[in-house]
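Quick note, the sequences are listed as chains A and B, same order.
Each step along the first sequence adds one to the number in the working numbering, with nothing skipped, and position 62 is 63.
Each step along the second sequence adds one to the number in the working numbering, with nothing skipped, and position 276 is 277.
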Amino acid sequence: MPNRREQAQGDQDLGDECVLLCRYLIGAAPTRDIADRYAQAHRRLQGLEPDAVTAFAFRRPRSLPYLDAACALRGTSDPLRKKLLLTTALLETSPQHAQAFTTEPMGRVRYLGALCGLTLSASIKAAIGLVLLEYVSVSP
Amino acid sequence: MTDRPDVIVVGSGASAVHAACPLVEAGLRVVMLDVGHIDGTYAPLIPPERFSTIRHSDTDQHRYFLGDQLEGIPFGSIRVGSQLTPPRQYISRDVDRLMPLDSDSFVPLRSLAWGGLGAGWGAATTAYGPADMRRWPIRHADLRDHYAIVADRIGICGARDDLEMSLDHTPHNLLPPAELDSNAESILARYVRQRENLHRRRFVMGHARLAIATETFRGRGPVQYLDLDYYGDTDRSVYRPRYTLDEFTGRDNFSYRNGVLVEAFEQGDDGGVSVLVHDLSSGSNQRLTATRLVLAAGAFGSARIALRSMHAYDRPVPIVSTSMTYLSCLNWPMIGRPVRDRRHSLSQLIAHFDPDGTGEHLIQSQFYSYRSLLNFKLVKDSPLACRQSIRIMNLLQPYLVIVCMLHEDYPTASKQLVLQRGDPDRMRVTYRLDEDVLAEQRRQQRQLVGIFRQLGCLLIKTIRPGHGSSIHYGGCLPMSRDDRPLTTTPAGRLRGARGVYVADGATFPDLPCKGITFTLMANANRIGCAVRDDLLAGGQENAP
Numbered sequence: 002m003p004n005r006r007e008q009a010q011g012d013q014d015l016g017d018e019c020v021l022l023c024r025y026l027i028g029a030a031p032t033r034d035i036a037d038r039y040a041q042a043h044r045r046l047q048g049l050e051p052d053a054v055t056a057f058a059f060r061r062p063r064s065l066p067y068l069d070a071a072c073a074l075r076g077t078s079d080p081l082r083k084k085l086l087l088t089t090a091l092l093e094t095s096p097q098h099a100q101a102f103t104t105e106p107m108g109r110v111r112y113l114g115a116l117c118g119l120t121l122s123a124s125i126k127a128a129i130g131l132v133l134l135e136y137v138s139v140s141p
Numbered sequence: 002m003t004d005r006p007d008v009i010v011v012g013s014g015a016s017a018v019h020a021a022c023p024l025v026e027a028g029l030r031v032v033m034l035d036v037g038h039i040d041g042t043y044a045p046l047i048p049p050e051r052f053s054t055i056r057h058s059d060t061d062q063h064r065y066f067l068g069d070q071l072e073g074i075p076f077g078s079i080r081v082g083s084q085l086t087p088p089r090q091y092i093s094r095d096v097d098r099l100m101p102l103d104s105d106s107f108v109p110l111r112s113l114a115w116g117g118l119g120a121g122w123g124a125a126t127t128a129y130g131p132a133d134m135r136r137w138p139i140r141h142a143d144l145r146d147h148y149a150i151v152a153d154r155i156g157i158c159g160a161r162d163d164l165e166m167s168l169d170h171t172p173h174n175l176l177p178p179a180e181l182d183s184n185a186e187s188i189l190a191r192y193v194r195q196r197e198n199l200h201r202r203r204f205v206m207g208h209a210r211l212a213i214a215t216e217t218f219r220g221r222g223p224v225q226y227l228d229l230d231y232y233g234d235t236d237r238s239v240y241r242p243r244y245t246l247d248e249f250t251g252r253d254n255f256s257y258r259n260g261v262l263v264e265a266f267e268q269g270d271d272g273g274v275s276v277l278v279h280d281l282s283s284g285s286n287q288r289l290t291a292t293r294l295v296l297a298a299g300a301f302g303s304a305r306i307a308l309r310s311m312h313a314y315d316r317p318v319p320i321v322s323t324s325m326t327y328l329s330c331l332n333w334p335m336i337g338r339p340v341r342d343r344r345h346s347l348s349q350l351i352a353h354f355d356p357d358g359t360g361e362h363l364i365q366s367q368f369y370s371y372r373s374l375l376n377f378k379l380v381k382d383s384p385l386a387c388r389q390s391i392r393i394m395n396l397l398q399p400y401l402v403i404v405c406m407l408h409e410d411y412p413t414a415s416k417q418l419v420l421q422r423g424d425p426d427r428m429r430v431t432y433r434l435d436e437d438v439l440a441e442q443r444r445q446q447r448q449l450v451g452i453f454r455q456l457g458c459l460l461i462k463t464i465r466p467g468h469g470s471s472i473h474y475g476g477c478l479p480m481s482r483d484d485r486p487l488t489t490t491p492a493g494r495l496r497g498a499r500g501v502y503v504a505d506g507a508t509f510p511d512l513p514c515k516g517i518t519f520t521l522m523a524n525a526n527r528i529g530c531a532v533r534d535d536l537l538a539g540g541q542e543n544a545p
């Protein structure tokens with residue numbers, strides 16, 4: 002059982018994690034409620050314990066999009082993806098961030114352009130991410 | 002009620018309440034025994050407002066959308082019960098503990114809740130036709146009146162449209178059709194434009210027939226189109242078995258007892274039936290007796306009680322289950338158009354496809370729009386990074402159509418249920434589809450995907466959530482004209498047991514690819530009538 006100071010430090014770390022993930026996912030910092038729920042979820046759920054990939058991503062935040070894309074392509078259910086899914090769910094069910102989960106209607110050309118652009122961006126990130134993932138998994 | 006009841010009914014789901022109806026209405030003394038879990042946590046939190054409004058206003062929404070234990074976030078793969086949102090998860094509470102079932106190939110959703118699986122029913126009411134029942138020992142005409150009686154009880158909305166071409170029963174008092182959402186409206190308009198061509202391909206489509214009160218009906222509704230049907234019953238428009246139970250309230254000849262699990266029955270000395278009941282709160286056992294017993298605890302629940310009572314351990318009985326395939330499609334021609342917020346979440350359209358033109362293998366597909374189940378579940382299954390997936394799903398979701406396709410099923414040697422002795426006894430299910438059946442299902446799926454493309458729906462992904470997930474299963478104690486053990490007579494009486502009837506899907510010899518629930522209710526009403534007539538005639542039908 003962690004003592005009170007360790008728990009406070011743990012919550013602080015989880016809060017920082019949550020801010021990082023929210024900024025990555027929707028480009029905005031989370032509300033305090035979401036950060037609290039994120040920390041509570043880590044106390045309740047299993048499978049969120051950090052692994053080498055998660056630790057690397059949080060040490061070097063700029064690697065996060067690439068590692069996320071590579072993990073998604075692999076289809077594995079690793080802690081990084083679970084943390085991202087958790088954060089997405091918390092954001093989507095918060096009135097302050099609900100707008101980030103809707104899109105205004107747009108014309109077909111723009112729509113197709115947006116779809117292609119996003120898919121291309123994710124694919125490039127996945128290609129780089131796969132190399133990075135390989136590096137992370139073999140590095141000490 | 003102090004005297005011995007005339008009938009004990011086990012369960013409170015769609016079968017149980019409609020089996021009880023003719024008995025209660027005839028003035029017979031009926032006791033309903035049930036585990037009867039309810040949701041006391043989430044239902045009071047859900048405001049009676051539209052989903053889109055809640056999303057931008059309710060700070061507590063995470064509680065009922067995700068659950069207090071975050072049980073609404075699917076960290077694993079799509080599994081049986083994935084369709085249950087946190088407020089509906091009480092439906093399957095305690096099932097694995099109280100009625101354990103082992104299988105490496107079949108994971109059915111079962112229930113011990115008040116209202117059974119009917120508490121989360123999708124409300125689609127498609128009656129079986131004569132071809133669907135061609136292997137049954139009863140005729141379609143035997144069910145026709147009971148469909149009508151049940152329709153009067155539950156209220157069915159729908160339109161008199163092309164779907165009638167493939168339906169053998171239209172309620173005489175059909176409620177006005179539910180409003181279609183924007184996706185369904187556009188698909189139906191395209192269907193109408195191509196009607197003749199699609200009819201040549203043996204494909205018809207129409208408004209879903211749903212047990213939704215589109216106008217005030219027996220104290221329910223009218224539907225408010227809140228798009229919260231996966232979470233709660235705020236406007237009481239979608240039929241739930243408990244509403245029929247509510248109508249029994251105050252009747253002296255009916256009582257409902259929850260918190261008890263029926264373990265077994267045995268013949269009483271005086272010609273009645275004695276039921277062994279386990280009280281879940283005190284842990285004590287008790288015996289109750291009645292003149293007749295009606296098992297309607299769901300196919301597995303009833304089979305468990307019957308097999309235990311008849312000491313039929315390790316004896317295989319059949320099991321049938323309609324397989325389900327979800328086809329995620331993009332309604333391409335809708336892109337760029339605004340979609341309406343006012344909608345219900347349930348099936349919008351129903352299509353019937355007759356692959357070989359005989360009418361014997363009709364395939365039913367139900368069309369849903371994806372919205373109120375939230376985008377994060379789509380993000381989870383995306384092969385792309387979350388950041389991009391969120392934006393892609395935001396783009397796709399308003400135009401996403403989920404087609405739910407059912408496949409018929411027949412008993413074979415590779416689909417069996419066995420009860421094994423233990424504490425508690427355990428059911429073991431072996432369920433395997435032959436390769437030629439799977440190939441045929443894939444062929445039919447390809448044909449349908451071609452038709453959906455013609456309707457503007459482009460296939461994105463196919464999901465097969467596994468055997469048992471359709472919730473449409475049964476056949477463990479099939480009705481048969483042959484006098485074989487562990488079967489039921491066409492009137493629902495369990496062979497080898499005096500005074501015991503089975504009124505749920507356990508009696509269905511096979512399953513066509515249509516929703517089962519409306520027929521479960523009609524058949525339960527038929528069996529309830531048989532029990533009533535038997536009792537009123539002095540019990541002549543019950544020679545052992």
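Even glycine gets a Cβ: it sits at the ideal position worked out from N, Cα and C.
Next on the checklist: To the nearest angstrom, how far is the alpha carbon of D234/B from that of M428/B?
Outcome noted: 33 Å
Next on the checklist: Quick check: D495/B and V278/B, are their CB atoms within less than 8 Å of each other?
Outcome noted: Here residue 495/B turns out to be Leu, not Asp, going by the sequence shown. Contact flag unset, no.
Checklist entry - Which of the three DSSP states, helix, strand or coil, is assigned to F107/B? => result In the structure shown, F107/B sits in a strand (DSSP, three-state: E or B).
Next on the checklist: Determine, for G11/A, whether the minimum Cβ-Cβ distance to residues of chain B falls below 8 Å.
Outcome noted: No, G11/A lies away from the interface with chain B (no Cβ there is under 8 Å from its Cβ).
Next on the checklist: Measuring only the C-alpha atoms, how far is E72/B from Q90/B?
Outcome noted: 9 Å
Next on the checklist: I want to verify the contact list: residues of chain A whose CB lies under 8 Å from the CB of V1/B, in sequence order.
Outcome noted: There is no way to answer for residue 1/B, as the model of chain B reaches only from 2 to 545.
Checklist entry - Hey, Q367/B and I391/B are a contact pair by Cβ (cut 8 Å); roughly how many whole angstroms apart? => result No, Q367/B and I391/B are not in contact; Cβ-Cβ is about 28 Å, not under 8 Å.
Checklist entry - Can you name the residues that DSSP bridges to H408/B? => result S324/B
Next on the checklist: Need the endpoints of the alpha helix (DSSP H) that Q448/B sits in, please.
Outcome noted: E436 to Q455
Item to check | Assigned exposure category for Q442/B - 16 Cβ within 10 Å defines buried | outcome: buried
Checklist entry - Shortest alpha-carbon distance to R422/B belongs to which of G117/B, D315/B and L363/B? => result D315/B
Checklist entry - Nearest to S93/B by alpha carbon, out of H473/B, L113/B, H170/B and Q225/B? => result L113/B
Item to check | Inter-residue Cα distance where the pair is L294/B and R305/B | outcome: 15 Å
Item to check | Y43/B vs G156/B beta-carbon contact at 8 Å | outcome: no
Next on the checklist: By the DSSP assignment, the alpha helix (DSSP H) with L74/A in it spans what residues?
Outcome noted: L65 to R75
Item to check | Contact between the stretch 280–294 of chain B and the stretch 325–338 of chain B (3+ Cβ pairs under 8 Å) | outcome: no
Checklist entry - Under the DSSP definition of a beta bridge, which residues are partnered with T431/B? => result Q417/B
Checklist entry - Which residues of chain A have a Cβ atom closer than 7 Å to the Cβ of F377/B, listed in chain order? => result L86, T89, A90 and E93
Next on the checklist: Quick check: what's the CA-CA separation for I27/A versus R388/B?
Outcome noted: Going by the C-alpha atoms only, they are around 7 Å apart.
Next on the checklist: For the structure I just gave you, are there three or more beta carbon pairs, one from the stretch 474–492 of chain B and one from the stretch 439–458 of chain B, closer than 8 Å?
Outcome noted: Because the criterion of three Cβ pairs below 8 Å is not met, the stretch 474–492 of chain B and the stretch 439–458 of chain B do not touch.
Checklist entry - Where does N174/B sit, in a helix, a strand or coil, going by DSSP? => result It is coil, neither helix nor strand.
Item to check | Under 7 Å (Cβ pairs) to chain B, residues found in the stretch 39–58 of chain A | outcome: A42, R45, L46 and G48
Next on the checklist: Counting only beta-carbon separations shorter than 8 Å, does A386/B have a partner in chain A?
Outcome noted: Yes, its Cβ sits closer than 8 Å to a Cβ of chain A.
Checklist entry - Within the chosen definition, does the stretch 131–140 of chain A reach the stretch 41–59 of chain A through at least 3 CB pairs nearer than 8 Å? => result yes
Item to check | Limits of the unbroken alpha helix (DSSP H) element including E248/B | outcome: Start and end: P242 to F249.
Checklist entry - Is E72/B near the ligand NAP, in the sense that its beta carbon is under 7 Å from a heavy atom of that ligand? => result Absence of the ligand NAP from the depicted structure is noted, as is the absence of any ligand whatsoever, leaving it without description.
Checklist entry - Is it true that the CB of S303/B sits closer than 8 Å to the CB of V503/B? => result yes
Item to check | As assigned by DSSP and simplified to three states, the class of K462/B | outcome: Note: K462/B maps to strand in three-state DSSP.
Checklist entry - Can you give the Cα-Cα distance for C23/A and Q84/B, rounded to whole angstroms? => result 27 Å
Item to check | 8 Å Cβ shell around A544/B - same chain, five flanking residues per side excluded | outcome: Bear in mind that a pLDDT of 49 at A544/B, under 50, signals an unreliable position, so the model cannot answer this.
Next on the checklist: Using only CA atoms, which one of A90/A, V139/A and A71/A lies nearest to A36/A?
Outcome noted: For A36/A, the closest C-alpha among the options A90/A, V139/A and A71/A is that of A90/A.
Next on the checklist: Under DSSP, the beta strand (DSSP E) around F509/B begins and ends at which residues?
Outcome noted: Here F509/B belongs to no beta strand (DSSP E), and DSSP marks it neither H nor E.
Checklist entry - Using the C-alpha atoms, what's the distance from R372/B back to G546/B? => result Here chain B covers residues 2 to 545 and nothing more, so residue 546/B does not appear.
Checklist entry - Which residues of chain A have a Cβ atom closer than 7 Å to the Cβ of T60/B, listed in chain order? => result For the C-beta of T60/B, the chain A residues within less than 7 Å are, from N- to C-terminus, P96.
Item to check | Within-8 Å CB hit, G76/A to chain B | outcome: yes
Checklist entry - Going along the chain, which residues of its own chain have a beta-carbon closer than 6 Å to the beta-carbon of G11/A, five neighbours each way excluded? => result none
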